[in-house]
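Just so you know, we're using numbering that gives the first Met the number 0 here: the sequence shown kicks off at 0 and counts up by one.
All residues carry an ideal CB built from backbone N, CA and C; glycine is no exception.
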Amino acid sequence: MLGKTYLTKQASLLLEFARTTSDSDLSAKLISKAADLKSQADPLPDKDQGPKAPDVAPDARPGRQSGR
């Protein structure tokens, strides 16, 4: 499975190539492929969503004994 970052980068490169070419047919194909890659990347979650907070018991307070 390819990651969202990879697919987005590839789509960006294809769009860059499409802007620089003088061949309009090639440009259209590159733009179409970039759109395909973008649609594949959109439903994927970002790989790095940051650290998750640890689970904390709601009644765990310093100085209190739990379970009694």
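Whole-number beta carbon distance between residue j and residue i, since they are thought to touch under 8 Å
i   : j   : result
A17 : I30 : 5 Å
Nearest residue (CA-CA) to residue i, options the options
i   : options        : result
K32 : L1, L6 and S21 : L6
Distance, residue j Cα to residue i Cα
i   : j   : result
S26 : K3  : 23 Å
D24 : A34 : 16 Å
L36 : K28 : 12 Å
Residue range of the unbroken alpha helix (DSSP H) whose run includes residue i
i   : result
L12 : K3 to T19
T24 : Before going on, a small fix: residue 24 reads as Asp here, not Thr. D24 -> alpha helix (DSSP H) spans S23 to A40.
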